[in-house]
């Protein structure tokens, strides 16, 4: 019973990471109808930036904040320079550009930082919190950071004029222009936020899976599954999907199929959702009028 | 990757094909064994890229996971040769059949949705596959992490027209023969009813459906056929390399195929050759700079080509030919 | 002698290869209500879209003396031009009040914005009742009111209205036209009204233009157009 509880709690911790990445995916999807295949690599790259800062002697939380800002800028730059030229191109072209981006980021990381696995520090103590047995300090801290992040994002979108403008631009770009919103910059902002969220996810998971250029591919897969389960155009759904997938991964891994086939679980989940209910739990079914 | 390309398959450039075939047959006797091996690999990649052509160019669907079918074809061939002593040439049609079925079955659910959803599903397949191949309960079949080592087949004759025929050269001719057969198959497919149906589905899906074309069936069939081609390429590569292992079939292999297709040009048979040459030789050259360099080049090429040459080298050549070629009335 | 708030010279516009407007010229006097009439497909909606640069244009458009034909929509809005598009253009998943807040997105004067919002609720009490309701669930008439209110939250100098009567019951249309009269006289908003309902439009407006297949065929005081034989037969039904 103890291990079950631990698996669930650990699942919530990793689920928070999936939820964050899934949210980043949904944000970009909502405003552009593109799936950002490079989301994982951006997060990985950001984590390397954090590692560089920390190795240079910067304190953890300062490095954490700087990384968030740097990732934000990186996201904005990527949208303005690389994505904007193909904004209205056919879907296949856009997917190819995303894959190109994925590959470039991955190879730059490999070239600059080599493929040797590196340790990434956790800001949380090694001893379990309050003497609890079923959760580690990092897991608790990770959940905390995720919740703070989600709360900040929610407040931003719900209560600030800029957040409102971004929601409007995602929904209805034409009407947004008619109220003076600069839709192009809203898209760039969305990318910046998505990159920033990804960086937090990367920094939270790196202590667990260790830092190497390919660390995010499996995690991205789970984020995809989470976004699909929740509904690819529903931010709340993506978050819930993340936690569901995290818990499912751990329970299935511990009790049903073993830890070696975890990625196949994500694959099966994706296929099942796409087959049975492509809109996910909370997404909207798009009916195209012929 | 524009879908409004003129069909270049209307006239068969017989002279170019005959000249090309003669050159191909003569080639292995003038170059080293390693280069012969590389030439064979180019041919097998070309078959895989033709497979992707069928899917992306002609039925407008995208796959980021075709490396999985290279793996299935390769492992099928390796297992048949290693565990059941089936001769190498017989493994090719078997691998083709297996991939046709698997591709079709994968296609059925995955193809009901558009564009990026299929990309997502195939991406997931590509990422999950190596783990599946390493799964310890399947180790008895797949050889687990170490994979399977195969014996390189001996040529049936020692000489051909007085020229020495070693293993590499023989396998080259074998691969060439399979390549010709596959190109002929795809040529007939494209020109026939299946090809026209696929183009209709790609360009005007709603009209196609209302004309009675069973869209889901054709789409799944297209996926199955493209998987079959890639599976044949996989089986060939297993025989050529004489080795299969899970880490040869990561998501980056699928991306390599995508690169080949983008560079060479979608909806084009010559494009498959250009692309195959590119993906075989770029790593050789770029590797010397750094392990990561080929991928940086691939990524940059992917993006640049989407900005400037979405129809690939073949498409660009075709456009140049139309601009500067003989005027037609 | 009133000044011209909007001057249009030889405007050409269309969609892709199809040209819809073939050299349109008109002047909108400040403080007036001008209506643009014409049959379906004449190019009325295209004209408004051209003015707010939702589509590419050729020609000259002067707003308050400044050339705006080269500016982007977002910048034209900031000069004080509000466009209520055909189909309302409401943000369906956002609340009524959020829609209003978006209307004042470019304004910096928070206090005035709050006052304006209250004013909108006085003009349109039904919107106040539904302030937290999802805009997409409002009735057609309410969405039209919301669209107009959102445009007014800009405190525009020029209001472009595209077929506000479309699909609405006569009583609601009457209400909306009364509001337009009020905002023109009390708030001094210049209005360019595109309408299919020629009778009501000519009653409300000071001036009228008649558009046929992308060209202006008639213009003048609306009371004169009301008497015109051709207009009466084709557009007024008597």
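Residue numbers (our numbering), protein chains in the order written: chain A, 241 to 530; chain B, 3 to 331; chain C, 7 to 244. By construction, the Cβ of each residue, glycine as well, lies at the ideal position given by its N, Cα and C atoms. Nothing here was measured: the structure is a model prediction, and the numbers come from that model.
Which value, in whole angstroms, describes the spacing of the CA atoms of residue i and residue j?
i, j, result
"residue 485(A)", "residue 96(B)", "38 angstroms"
"residue 397(A)", "residue 68(C)", "37 angstroms"
"residue 116(C)", "residue 180(C)", "32 angstroms"
"residue 10(B)", "residue 249(B)", "Any reading at residue 10(B) is ruled out, since the residue's pLDDT is 47, under 50, leaving its predicted position unreliable."
"residue 107(C)", "residue 156(C)", "8 angstroms"
"residue 245(A)", "residue 300(B)", "46 angstroms"
"residue 463(A)", "residue 448(A)", "17 angstroms"
"residue 257(A)", "residue 39(C)", "57 angstroms"
"residue 227(B)", "residue 110(B)", "13 angstroms"
"residue 356(A)", "residue 298(A)", "22 angstroms"
"residue 85(B)", "residue 245(B)", "14 angstroms"
"residue 323(B)", "residue 347(A)", "36 angstroms"
"residue 3(C)", "residue 32(C)", "Chain C is shown from 7 up to 244; residue 3(C) falls before or after that span and cannot be answered."
"residue 237(C)", "residue 194(B)", "59 angstroms"
"residue 72(B)", "residue 305(B)", "25 angstroms"
"residue 41(C)", "residue 211(C)", "6 angstroms"
"residue 247(A)", "residue 174(C)", "59 angstroms"
"residue 24(C)", "residue 513(A)", "43 angstroms"
"residue 252(A)", "residue 373(A)", "16 angstroms"
"residue 337(B)", "residue 353(A)", "Past the boundaries of the shown model lies residue 337(B); chain B is included only from 3 to 331, so the question cannot be answered."
Could you check whether the Cβ of residue i sits closer than 9 angstroms to any Cβ belonging to chain B?
i, result
"residue 329(A)", "yes"
"residue 500(A)", "yes"
"residue 339(A)", "yes"
"residue 429(A)", "no"
"residue 261(A)", "no"
"residue 275(A)", "yes"
"residue 394(A)", "no"
"residue 448(A)", "no"
Answer yes or no: does any C-beta atom of chain A fall closer than 9 angstroms to that of residue i?
i, result
"residue 95(C)", "yes"
"residue 62(B)", "yes"
"residue 89(C)", "yes"
"residue 215(C)", "no"
"residue 146(C)", "no"
"residue 300(B)", "yes"
"residue 85(B)", "no"
"residue 7(B)", "Residue confidence is low: residue 7(B) scores 41 on pLDDT, short of 50, so the model does not pin down where it sits. Its coordinate-derived value is still stated next. So no, residue 7(B) is outside the interface."
"residue 79(C)", "yes"
"residue 4(B)", "Residue placement at residue 4(B) is flagged as unreliable, the pLDDT there being 43, under the threshold of 50; a coordinate-derived value is accordingly withheld."
"residue 58(C)", "yes"
"residue 112(C)", "yes"
"residue 184(B)", "no"
Looking at chain C, is there any beta carbon in it that lies within less than 9 angstroms of the beta carbon of residue i?
i, result
"residue 521(A)", "no"
"residue 421(A)", "yes"
"residue 416(A)", "yes"
"residue 319(A)", "no"
Do residue j and residue i count as a contact pair if the criterion is CB distance below 9 angstroms?
i, j, result
"residue 167(C)", "residue 126(C)", "no"
"residue 42(B)", "residue 238(B)", "yes"
"residue 196(C)", "residue 227(C)", "no"
"residue 341(B)", "residue 120(B)", "There is simply no residue 341(B) to check, as chain B begins at 3 and stops at 331 in what is shown."
"residue 208(C)", "residue 43(C)", "yes"
"residue 121(C)", "residue 82(C)", "no"
"residue 133(B)", "residue 502(A)", "yes"
"residue 265(B)", "residue 314(B)", "yes"
"residue 262(A)", "residue 345(A)", "no"
"residue 379(A)", "residue 250(A)", "yes"
"residue 105(B)", "residue 225(B)", "yes"
"residue 266(A)", "residue 506(A)", "no"
"residue 155(B)", "residue 167(B)", "no"
Quick one: measure Cβ to Cβ for residue i and residue j, integer angstroms, because I've assumed they're closer than 8 angstroms.
i, j, result
"residue 311(A)", "residue 349(A)", "The pair is not a contact, with the Cβ atoms about 14 angstroms apart (cut-off 8 angstroms)."
"residue 147(C)", "residue 178(C)", "4 angstroms"
"residue 169(C)", "residue 201(C)", "6 angstroms"
"residue 111(C)", "residue 421(A)", "6 angstroms"
"residue 461(A)", "residue 130(B)", "7 angstroms"
Q | the segment 428 to 443 of chain A contacting the segment 93 to 102 of chain C, beta-carbon criterion three pairs below 8 angstroms | A | no
Q: Count the C-beta pairs between the segment 357 to 366 of chain A and the segment 10 to 17 of chain C that are closer than 8 angstroms, then say yes if the count reaches three, no if not.
A: no
Q) How about the segment 67 to 78 of chain B and the segment 126 to 134 of chain B: do they share at least three Cβ pairs that are nearer than 8 angstroms? A) yes
Q | the segment 35 to 50 of chain B contacting the segment 92 to 108 of chain B, beta-carbon criterion three pairs below 8 angstroms | A | no
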